[in-house]
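All residue numbers for the sequence shown refer to my numbering, where the first residue is 600 and numbers rise by one. This report concerns only the one structure given below.
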Amino acid sequence: MLSPSALVDHLAATKPNDTWVKIPITSAQDVTHWDNITWAQLSNAVNAMAHFITKSFGPARKDEPIAYTGINDIRYPIVILAAIKADYKAVLTSPRNSTEGNLALLKATACTKFVFTKEFRASLIDISSKSPSQLHIAQVPDLDDILTPSSPVFTSVSDLSMENRDTVMILHTSGTTGLPKPVYIKAGVFNTTLTINDMPAPPGRESIHNKLFGTRLALAVTPFFHIFGINMLLRSIHFQKPLVLLPPSKPPTAELVVEAITKTKPSALICPPSVIEDLCKLPSALPALESLEFVFFGGAPLSHAAGTKIIPHTRLYNGIGSTEAFFYPAMVPQDPNDWEYFEWTPGGGLTMELSEEEPDLAELVVKRTKGEEWQFAFHNFPELNEWRTHDLFERHHTKPNLWRFLGRLDDVIVLSNGEKANPVAFEKHIEGSPLVKGALVVGVGHFQTGLLVEPLKQPDDPGRFVDEIWPVVEEANKQYPAYARVWRSMVMLSHPNKPFNRTAKGSVMRRATYQLYDHEIEELYAKQQQSTGAIDIPCPNRNTLDLVRSAISSVVGNKTTLKDDTNIFSLGADSLQALQVSRILASSGLACSAKKVYDNPTIITLSQALSSPSTDQTSKEPTPISREEKMSKTIYRHTHFASLPTPVSIGHDRHNLSILLIGSTGSLGSYLLQSLLAQSSPSPKIYCLNRSPNAPTRQKEIFTSRGLPNFDMSPITFLNGETSLPNFGLDPSTFSDLQTKVDVMILNAWPVNFNAPLESFESVISGTKRCVDFSTTSPRHPHIVFISSIASVLNYPAVRHDPEIDDSNVVAIPEIWDPDNSLPARQGYGESKHVAAVILDKAFHGGYLEKAPAVLRVGQLAGAVEGSGVWKKQEWLPSLIKTSVSLGKIPSSLPGAPVDWVPVDVAARAVIDIAVRRFSSPAISSPVERESKDDATECFNLVNPHSASWENLVHAVQRYYSQQGQEITTVEFDGWLSTLQKISAAGATDEDIERMPALKLMDFFEGLAPPPTDTDKQLKVVFGTDRVLEASPAMRGLGAIDGKMMNKWLKEWNF
600 MLSPSALVDH
610 LAATKPNDTW
620 VKIPITSAQD
630 VTHWDNITWA
640 QLSNAVNAMA
650 HFITKSFGPA
660 RKDEPIAYTG
670 INDIRYPIVI
680 LAAIKADYKA
690 VLTSPRNSTE
700 GNLALLKATA
710 CTKFVFTKEF
720 RASLIDISSK
730 SPSQLHIAQV
740 PDLDDILTPS
750 SPVFTSVSDL
760 SMENRDTVMI
770 LHTSGTTGLP
780 KPVYIKAGVF
790 NTTLTINDMP
800 APPGRESIHN
810 KLFGTRLALA
820 VTPFFHIFGI
830 NMLLRSIHFQ
840 KPLVLLPPSK
850 PPTAELVVEA
860 ITKTKPSALI
870 CPPSVIEDLC
880 KLPSALPALE
890 SLEFVFFGGA
900 PLSHAAGTKI
910 IPHTRLYNGI
920 GSTEAFFYPA
930 MVPQDPNDWE
940 YFEWTPGGGL
950 TMELSEEEPD
960 LAELVVKRTK
970 GEEWQFAFHN
980 FPELNEWRTH
990 DLFERHHTKP
1000 NLWRFLGRLD
1010 DVIVLSNGEK
1020 ANPVAFEKHI
1030 EGSPLVKGAL
1040 VVGVGHFQTG
1050 LLVEPLKQPD
1060 DPGRFVDEIW
1070 PVVEEANKQY
1080 PAYARVWRSM
1090 VMLSHPNKPF
1100 NRTAKGSVMR
1110 RATYQLYDHE
1120 IEELYAKQQQ
1130 STGAIDIPCP
1140 NRNTLDLVRS
1150 AISSVVGNKT
1160 TLKDDTNIFS
1170 LGADSLQALQ
1180 VSRILASSGL
1190 ACSAKKVYDN
1200 PTIITLSQAL
1210 SSPSTDQTSK
1220 EPTPISREEK
1230 MSKTIYRHTH
1240 FASLPTPVSI
1250 GHDRHNLSIL
1260 LIGSTGSLGS
1270 YLLQSLLAQS
1280 SPSPKIYCLN
1290 RSPNAPTRQK
1300 EIFTSRGLPN
1310 FDMSPITFLN
1320 GETSLPNFGL
1330 DPSTFSDLQT
1340 KVDVMILNAW
1350 PVNFNAPLES
1360 FESVISGTKR
1370 CVDFSTTSPR
1380 HPHIVFISSI
1390 ASVLNYPAVR
1400 HDPEIDDSNV
1410 VAIPEIWDPD
1420 NSLPARQGYG
1430 ESKHVAAVIL
1440 DKAFHGGYLE
1450 KAPAVLRVGQ
1460 LAGAVEGSGV
1470 WKKQEWLPSL
1480 IKTSVSLGKI
1490 PSSLPGAPVD
1500 WVPVDVAARA
1510 VIDIAVRRFS
1520 SPAISSPVER
1530 ESKDDATECF
1540 NLVNPHSASW
1550 ENLVHAVQRY
1560 YSQQGQEITT
1570 VEFDGWLSTL
1580 QKISAAGATD
1590 EDIERMPALK
1600 LMDFFEGLAP
1610 PPTDTDKQLK
1620 VVFGTDRVLE
1630 ASPAMRGLGA
1640 IDGKMMNKWL
1650 KEWNF
């Protein structure tokens, strides 16, 4: 049998550009579009991950496990396939596992290696510190780092084929004790998935799995660590049927599902019942479902009311299975109204063993049949002749072959989102109270658990009784998974005249007692829809930030992982927990909806969204604050620096310079590193701090792809960390050693997102403050060079230009430091750069920095003028060119985009020129001198002093494509933009976006169009460049962008 990873390589070779999955690309709070990930990209990413694993841990021993946890993105399947290639067996852990649960799973599987995404770094450090045996951990690369660069092929002998009995991966169930129980998945299971569509059905009938695996394009709302998600992965590989995925950092809300259906046009939706329940509450959802062939749900029962709403709009298919036995083959119902029932496909050995007490109830048992072609369970458990599912079913009252799922014989509660909760330990903990006779957790088929308590003595005051037992419930909640915890408002007492049903031995009869209280349980859930009650939270301080922090930490838990800027949905929080957070805060007097939690998924952003002018008005809607005030508050929060620096105890040697480059693997960062390596006098020692753990490998790949010289990398020390973390995420000895050696810090790592709000840059802003603390407490007090942006001053004309005083239509932005919060462009990116620069300036004027910082306002960076590096195709100019080629017309002018671009390699040399020059300047130690030098924070505008003509560049584009036999005409910018707006309004398809990528940047291009004006004059903005020209020979040698440069870039893009 060909292994899945070998099959992926085959597909990459035979159909490299075919789509494997479509992943969402987000901007701020919204999904802008879905990108196609091809088989070639998947194969490349698997190779890169396999190299990363073996480089991190060495070659695998026979059947050696390696654990993985992360956000629910495509790195789950990439790790699975890479582990197969590297001869490891991936142990997939749920992001919701507790530390105790993960330690139990590691022990049970004898696993000593654990990889994870950056969101779980703190959690893994906690697990590692508590592991009784040595645990080796490594943070996997970011997705972009393994999808884009070309990776060498990773070859493994065992990768080519696998026997049915070989272990492929390890999943886990919740286990009978509540701790994860490993399940070893064999290659025969994968092989059965490949052949299951050959399973015959009776004449005129069809199995549901044929629908599931045969549909063209499916929107899959499934977790990859769950058997449901593994089925979707195998569907995509074995049958080459692509998937559409949702953003991993957002809960799967009904609005998001409808958006995905509308924009990607799948033929099916595959999801847990909780998603369908939400869709039924959204008016626009049901019409959207009519475009689908069917909706498939599994993992838990769906309420009858929800299913009844769905079936007039599309077919509804029900599925069931287990981690141990994958799925149980059933047939498409002959009557669509029987969607709740299962009719098993003959030949699968599925048998209903009737209950002796109640003949219409039965347990599903899988019995071994001859050949076992379509029986998953016996590949995983070859020693068994039958697999008892412990799933209880009820026979249809008139159709004896149909069976409806009722619950679990082993007491496990299956919630409507597919999560499972073992209630036994929880109930026994409650029954340990001297006030309680019996306790039952309820919630089968619902979104959350509830608790039915039988008091030992019937209380006069039920509310007071709940108060008295609530501490015991809280103790039990701490031992329970976050998704299964019981809220205070979900505790209900039994009636004196309806005692729990018990056996002769006194044990509570669970199902009989559920039936006894069926009406009361449903009422409890109905009331909860309007309730604001939840888990009580201790919060001595009533300010909004503390309330939000307490609410989120009480719901999400995992306090070692949770930080103020952590996206809670990246940690596995779901819509139930968002609802719970909103209700806790609402009960505290804050106007908070679940949607507000979705839109503000961190402690800091949610607290800011809920902030009101004073604490006595917290029950009202928060009053909006100006962006200037928001920036001021952010600056204030990050200007409480470490103690004042001590006198320099280690001298600086200009000829023995050490530089810390923060962010070396991006476009500018790579050229900065190349420029540092090219320095001969002085030749510096270089430290590169990057989030990516495979930065050394990635750096070499980038150098090769950009045609950069193959320099000796020995002067470089690569460090894996982030400035936002204490000690930059480094171990104390490495951090301390770094402080004794670094002379200059180049702060280059910054997310580029022009649509994100200021709050989303919180981590890098806090990292700027930590850079100040690093310099302050270092004996060398290194100089800080900050890579800022012209976006930090783009509002200068509106603030500083007065037409009554100056009637010129030219506004020059000087190279002068100005802390005015109204200067940045009205976007979070420019505001964040301004805020960071103000923090640095305040640190200097407060005496915390020995040397004044250098702020480099970088403008539009163009492709390199030397080497073969490609100007990133996703940026606005390459997008404009490709779109124009597809349209056959190009704008004759760009009204809001002056051609003052700087080639990226020239910009990098300029940064190093300034860094070295500034390092040689004397320190300013006198406070008086600091205050007298208002512009001591020196600013440089990194824009081309020689502006070019867009018309000349357009002629170069036309000549280039004319030589290739394609004519491109010029049109007015408004006409070109209007064409795109019409395509966008008509509903651009994925193919349209692929051919015309400018459709993804409509906000940008619409922003270039000049606004209507009553005056004849349009302001022309230019940037002063005297200082940068004085400081940098590279900038002095730069001429205007010309046709020769454009020709180079056109050849490299190859549109």
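Even glycine gets a Cβ: it sits at the ideal position worked out from N, Cα and C. If you're wondering where the values come from, they're calculated on a predicted model, not measured in any experiment.
Quiz item: Can the beta-carbon of Ser1362 be found closer than 7 Å to that of Glu718?
Solution: no
Exercise. Can you say whether Lys840 is buried or exposed, counting buried as having 16 or more other CB atoms within 10 angstroms of its CB?
Key: buried
Practice problem: Assign Arg1379 to buried or exposed, taking buried as 16 or more other Cβ atoms, counted over all protein chains shown, within 10 Å of its Cβ. | Solution: buried
Self-check item: Same chain, Cβ closer than 6 Å to Gln974, five either side skipped, listed in chain order
Solution: Close CB contacts of Gln974 within its chain, under the 6 Å cut and outside five residues either way in sequence, are with Gly948 (chain order).
Self-check item: Supposed close pair Met1091, Thr1048 - CB separation, criterion 8 Å
Solution: Met1091 to Thr1048, Cβ: 12 Å. No contact.
Quiz item: Just to confirm, are Ala899 and Leu878 a CB contact at a threshold of 7 Å?
Solution: no
Quiz item: Can you find a CB in chain D that lies within less than 7 Å of the CB of Lys1027?
Solution: Considering every chain present, this structure includes no chain D. It has just one protein chain.
Quiz item: Looking at the unbroken beta strand (DSSP E) that takes in Met1319, where does it start and where does it end?
Solution: Residue identity differs from the one stated: residue 1319 is Asn in this sequence, not Met. Asn1319 -> beta strand (DSSP E) spans 1315-1319.
Quiz item: So, are the CB atoms of Val1343 and Ala1083 less than 7 Å apart?
Solution: no
Quiz item: Apart from the five residues on each side of it in sequence, which residues of its chain come closer than 6 Å, Cβ to Cβ, to Met1634?
Solution: Ala1509, Val1627, Leu1628
Self-check item: Residue range of the unbroken alpha helix (DSSP H) whose run includes Trp1002
Solution: Segment 1002-1007 is the beta strand (DSSP E) holding Trp1002; no alpha helix (DSSP H) there.
Quiz item: DSSP three-state call for Tyr916: helix, strand or coil?
Solution: strand
Quiz item: How many angstroms separate the CA atom of Ser1149 from the CA atom of Gly1606?
Solution: 41 Å
Quiz item: DSSP on Glu1067, reduced to helix/strand/coil?
Solution: Glu1067 carries a helical assignment under DSSP once its states are collapsed to helix, strand and coil.
Exercise. Report the three-state DSSP secondary structure of Ser1248 (helix, strand or coil).
Key: Note that Ser1248 has pLDDT 46, beneath the 50 cutoff, so the model's placement of it is unreliable and the number below is only indicative. Coil at Ser1248, not helix or strand.
Quiz item: With distances taken from CA atoms, which of Ala887, Trp1069, Leu1267, Gln1298 is nearest Val1501?
Solution: Leu1267
Exercise. Determine, using beta carbons only, whether Phe812 and Asn790 come nearer to each other than 7 Å.
Key: no
Quiz item: With respect to the beta strand (DSSP E) encompassing Leu1324, which residues constitute its N-terminal and C-terminal limits?
Solution: Counting along the chain, Leu1324 falls outside any beta strand (DSSP E), and DSSP gives it neither H nor E.
Self-check item: Environment of His808 [buried if 16+ CB atoms lie within 10 Å]
Solution: buried
Quiz prompt | Stretch pair the segment 1287-1298 + the segment 1318-1331: three plus CB contacts closer than 8 Å | solution = yes
Exercise. Could you name the residues that DSSP lists as bridge partners for Asp990?
Key: Arg1007
Self-check item: Asn1420 beta carbon less than 7 Å from that of Met1230
Solution: A contact, by the Cβ cut-off of 7 Å.
Quiz item: What number of angstroms, rounded off, separates the C-alpha of Val964 from the C-alpha of Ala976?
Solution: 11 Å
Quiz item: Which term fits Lys1432, buried or exposed, when burial requires 16 or more other beta carbons within 10 angstroms of its beta carbon?
Solution: buried
Self-check item: Bridge partner(s) assigned by DSSP for Pro1502
Solution: Ala1461
Practice problem: Please determine, among Lys966, Asp990, Arg1007, the residue with the shortest C-alpha to C-alpha distance to Glu982. | Solution: Of the candidates Lys966, Asp990, Arg1007, the residue whose Cα lies closest to the Cα of Glu982 is Lys966.
Quiz item: Which residue's Cα is closest to the Cα of Thr913: Pro1070, Tyr1270, Phe893?
Solution: Phe893
Quiz prompt | Cβ-based neighbour list, Phe1099, same chain, cut-off 6 Å, excluding 5 preceding and 5 following | solution = Gly1037, Glu1053, Val1107, Thr1112
Quiz item: Can you give the beta carbon distance from His632 to Ile1438, rounded, assuming they're within the 8 Å contact cut?
Solution: With 8 Å as the limit, His632 and Ile1438 do not qualify as a contact, their Cβ atoms being about 35 Å apart.
Quiz item: Whose C-alpha, out of Gln1298, Ser602, Ser642, Leu1178, is nearest the C-alpha of Trp619?
Solution: Ser642
Quiz item: Hey, quick one: how far does the beta strand (DSSP E) through Val1409 stretch, first residue to last?
Solution: 1409-1412
Quiz prompt | Counted within 10 angstroms of its Cβ, other Cβ atoms place Leu1637 as buried (16 or more) or exposed | solution = Burial call: buried.
Exercise. Identify, in the order they occur along the chain, each residue of the same chain with its Cβ nearer than 6 Å to the Cβ of Val984, setting aside the five sequence neighbours on each side.
Key: Per the sequence presented here, residue 984 reads as Asn, with Val not at that position. Correct list, in chain order: Arg967.
Quiz item: Which class does Asn1289 belong to by DSSP, given the choice of helix, strand or coil?
Solution: strand
Quiz item: Using the rule of at least 16 other Cβ atoms within 10 Å of the residue's Cβ for burial, across every protein chain shown, is Gly1462 buried or exposed?
Solution: buried
Practice problem: Please confirm whether Gly1171 and Pro872 have their CB atoms less than 7 Å apart. | Solution: no
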